[in-house]
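Here the protein sequences come in this chain order: X and H.
Taking our numbering, I'd label the letters of the first sequence as residues 18 to 275.
Taking our numbering, I'd label the letters of the second sequence as residues 18 to 275.
Written out below as structure tokens is the structure these notes cover.
Protein chains: 2
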Amino acid sequence: MLSKARQKLIASLVQKKQRDIHGLFLAEGPRMIHDLIQSGLHPQFLVGTDQWTADAEISKKNPETIIVTANEFKKISLLKTPQHVLGVFPKPENHFNNNAIKRGLTLVLDGIQDPGNLGTIIRLADWFGIGNIVCSIDTVDVYNPKVVQASMGALVKVTVHYTNLMAFLSTYNNSFKNPVYGAFLEGESIYTQTLSQDSIIIMGNEGNGIRPDVEKFITNKITIPDFSKAGKSAESLNVGVATAVICAEFRRQSISGT
Amino acid sequence: MLSKARQKLIASLVQKKQRDIHGLFLAEGPRMIHDLIQSGLHPQFLVGTDQWTADAEISKKNPETIIVTANEFKKISLLKTPQHVLGVFPKPENHFNNNAIKRGLTLVLDGIQDPGNLGTIIRLADWFGIGNIVCSIDTVDVYNPKVVQASMGALVKVTVHYTNLMAFLSTYNNSFKNPVYGAFLEGESIYTQTLSQDSIIIMGNEGNGIRPDVEKFITNKITIPDFSKAGKSAESLNVGVATAVICAEFRRQSISGT
Numbered sequence: 018m019l020s021k022a023r024q025k026l027i028a029s030l031v032q033k034k035q036r037d038i039h040g041l042f043l044a045e046g047p048r049m050i051h052d053l054i055q056s057g058l059h060p061q062f063l064v065g066t067d068q069w070t071a072d073a074e075i076s077k078k079n080p081e082t083i084i085v086t087a088n089e090f091k092k093i094s095l096l097k098t099p100q101h102v103l104g105v106f107p108k109p110e111n112h113f114n115n116n117a118i119k120r121g122l123t124l125v126l127d128g129i130q131d132p133g134n135l136g137t138i139i140r141l142a143d144w145f146g147i148g149n150i151v152c153s154i155d156t157v158d159v160y161n162p163k164v165v166q167a168s169m170g171a172l173v174k175v176t177v178h179y180t181n182l183m184a185f186l187s188t189y190n191n192s193f194k195n196p197v198y199g200a201f202l203e204g205e206s207i208y209t210q211t212l213s214q215d216s217i218i219i220m221g222n223e224g225n226g227i228r229p230d231v232e233k234f235i236t237n238k239i240t241i242p243d244f245s246k247a248g249k250s251a252e253s254l255n256v257g258v259a260t261a262v263i264c265a266e267f268r269r270q271s272i273s274g275t
Numbered sequence: 018m019l020s021k022a023r024q025k026l027i028a029s030l031v032q033k034k035q036r037d038i039h040g041l042f043l044a045e046g047p048r049m050i051h052d053l054i055q056s057g058l059h060p061q062f063l064v065g066t067d068q069w070t071a072d073a074e075i076s077k078k079n080p081e082t083i084i085v086t087a088n089e090f091k092k093i094s095l096l097k098t099p100q101h102v103l104g105v106f107p108k109p110e111n112h113f114n115n116n117a118i119k120r121g122l123t124l125v126l127d128g129i130q131d132p133g134n135l136g137t138i139i140r141l142a143d144w145f146g147i148g149n150i151v152c153s154i155d156t157v158d159v160y161n162p163k164v165v166q167a168s169m170g171a172l173v174k175v176t177v178h179y180t181n182l183m184a185f186l187s188t189y190n191n192s193f194k195n196p197v198y199g200a201f202l203e204g205e206s207i208y209t210q211t212l213s214q215d216s217i218i219i220m221g222n223e224g225n226g227i228r229p230d231v232e233k234f235i236t237n238k239i240t241i242p243d244f245s246k247a248g249k250s251a252e253s254l255n256v257g258v259a260t261a262v263i264c265a266e267f268r269r270q271s272i273s274g275t
């Protein structure tokens, strides 16, 4: 049986403030729980229904598991279609350091608000071999349950770091001679330039793009050309989609030259 | 004041069955309403709060408009953050014909379920100059309010057609000598082949991919290479993201050769 105190704890962890106070976050679904535990995270406890059984990997770690009825589970579930197991995990320590990003691609997010977009970006960063994402303080929290679910387990493979972007970019510019790319509607086409594999790519907020204070640090404005009829599409690309197209082009050039 | 009958009509149009019976769909938000009206659609009626004013384009068409309080609007709104104006529109007639797709790129969707994904795909199809999307009958309805909102007005620029894919692809194969590409986790890299600008690209269901019955018609299996460390990412790319990366590469080749 799930105690009232734990029910309350789970409900509270939907809020960032409570996640910060407790140092905990929520994740749901057999695959997600498996991936988090396999990556080395040890849950404070799991809550499962009798429709869920721990696999070998999870059993080995022997986490405390509370079995509840489907109805009880529905009350704590984060999802429209409850996924039979939910875990309360400690937030992993962040091993980000500036020197680690001298080589390779790093994504910088300036005020991304939509949890689904951040989850999508973490997932595609993993696919495109980008190990570090640096977010402005006002970017949506990576441990927001919707981000956790949308990241599909890529969360444990990509380091997501929150910091003052101006200070971070100033240090980056001073320490390394790498380009700092920023995605704009007006910029040089990603298809007509050689993109550096040791660099930063900055993506801006869904509605407002990159802030002027952040823009100052950009050395190369880049854009995805508009191929729509008359070159006038109804709307700009969604930020997750735009990030994917840009990262894909960086990586394509790494295997085929420009 | 909004009549009970109209309140009921609006609530009913969240269901596909009712949209089909009435031949109507819902859209919300000043920009969306503007784009739909500008494209030539005439709403049966609009419902707005006093925080919304018709712009010149809308005023010219003089649609029937019912003004309600913010509280009344909240009850009919499709969104978490109500957007001050909602429209009931006739579903436009579908002008799809097979011969129109002999030239150019056509997207085929085999059982896409998530409304956000279909909306994203419509939006990026517009960006990449793809005028036609052909969906299997069980693909989520394009007039689902969540698809309409996620498509951000690109809905009126891209023709979305529902049909039996096997019959459609059989005709396509017999009529044209164009390639039929299908996206798979195992396929030839999109970066090591010349992609034809007169062809079909098939994208599969979020969980199950492309059905075997549909796969039979595919002439070229393509894939986005996995650039993650050890080439083993946590999860495949989201279907909206994958569609964007693939369409971008087709279009890149159209301007720069392979």
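By construction, the Cβ of each residue, glycine as well, lies at the ideal position given by its N, Cα and C atoms.
So is residue i in contact with chain H if we call contact Cβ pairs under 8 Å?
| i | result |
| --- | --- |
| F42/X | no |
| V262/X | yes |
| L246/X | Per the sequence shown, residue 246/X should be read as Lys rather than Leu. K246/X counts as touching chain H. |
| E74/X | no |
| A117/X | no |
| S250/X | yes |
| I272/X | yes |
| V120/X | Note on identity: in this sequence residue 120/X is Arg, with Val being the wrong assignment. By this cut-off, R120/X is not an interface position. |
| R23/X | no |
For residue i, is the beta carbon positioned less than 7 Å from some heavy atom of the ligand ADP?
| i | result |
| --- | --- |
| S213/H | As for the ligand ADP, it is missing from this structure, which has no ligand bound. |
Roughly how many angstroms lie between the CA atoms of residue i and residue j, to the nearest whole one?
| i | j | result |
| --- | --- | --- |
| A71/H | Q61/H | 15 Å |
| Q166/X | E45/X | 7 Å |
| S206/X | Q210/H | 22 Å |
| E81/H | L96/X | 39 Å |
| I129/X | V197/H | 37 Å |
| A73/H | V173/H | 20 Å |
| Q35/H | A22/H | 14 Å |
| L135/H | K238/H | 22 Å |
| R228/H | I218/H | 14 Å |
| T98/H | R140/H | 21 Å |
| T123/H | N115/H | 11 Å |
| G199/X | P132/H | 30 Å |
| E110/H | F193/H | 26 Å |
| G40/H | P162/X | 37 Å |
Specify, as a first and last residue, the run of the beta strand (DSSP E) that residue i falls within.
| i | result |
| --- | --- |
| L172/H | Taken as a continuous stretch (DSSP letters only), L172/H belongs to no beta strand (DSSP E), as it is neither H nor E. |
| F267/X | No beta strand (DSSP E) contains F267/X, which is instead part of the alpha helix (DSSP H) from 256 to 273. |
| F239/H | Per the sequence presented here, residue 239/H reads as Ile, with Phe not at that position. From DSSP, the beta strand (DSSP E) with I239/H extends over 237 to 240. |
| I218/H | 216 to 221 |
| I150/H | 149 to 153 |
Check the Cβ-Cβ distances between residue i and every residue of chain X, and say whether any is below 8 Å.
| i | result |
| --- | --- |
| S29/H | no |
| G170/H | yes |
| N255/H | yes |
| D243/H | yes |
| T137/H | yes |
| V258/H | yes |
| A184/H | no |
| R269/H | yes |
| A265/H | yes |
| R228/H | no |
List the whole-angstrom C-beta distance separating residue i from residue j, where the pair is believed to meet the contact cut-off of C-beta under 8 Å.
| i | j | result |
| --- | --- | --- |
| I118/H | L19/H | With 8 Å as the limit, I118/H and L19/H do not qualify as a contact, their Cβ atoms being about 42 Å apart. |
| V102/H | W69/H | 4 Å |
| N195/X | S216/X | 5 Å |
| V125/X | V159/X | About 14 Å; that fails the 8 Å criterion. |
| G148/H | T176/H | 6 Å |
| K246/X | G57/H | Going by Cβ atoms, the distance from K246/X to G57/H rounds to 16 Å, so no, they are not a contact pair. |
| F113/H | H178/H | 4 Å |
| V231/X | L182/X | 5 Å |
| A265/X | A265/H | 7 Å |
Identify the continuous alpha helix (DSSP H) that holds residue i and give its terminal residues.
| i | result |
| --- | --- |
| L135/H | 132 to 144 |
| P47/X | 47 to 55 |
| K78/X | 73 to 78 |
| Y189/X | 182 to 192 |
| S29/H | 21 to 29 |
| E203/H | First-last for E203/H: 197 to 206, but that is the beta strand (DSSP E), not the alpha helix (DSSP H). |
| I38/X | 33 to 39 |
| P229/X | 229 to 232 |
(message) Taking beta-carbon pairs under 8 Å, can you tell me which members of the region 142 to 155 of chain H lie near chain X?
(response) Of all residues in the region 142 to 155 of chain H, those with a C-beta nearer than 8 Å to a C-beta of chain X are D143, W144, F145, G146, G148, reading in chain order.
(message) Tell me which residues of the region 193 to 219 of chain X have at least one Cβ-Cβ distance to chain H shorter than 7 Å, keeping chain order.
(response) Those would be Y208, in chain order.
(request) Report the residues of the region 35 to 65 of chain X with a CB closer than 7 Å to any CB of chain H, ordered along the chain. (result) Flagged, chain order: D52.
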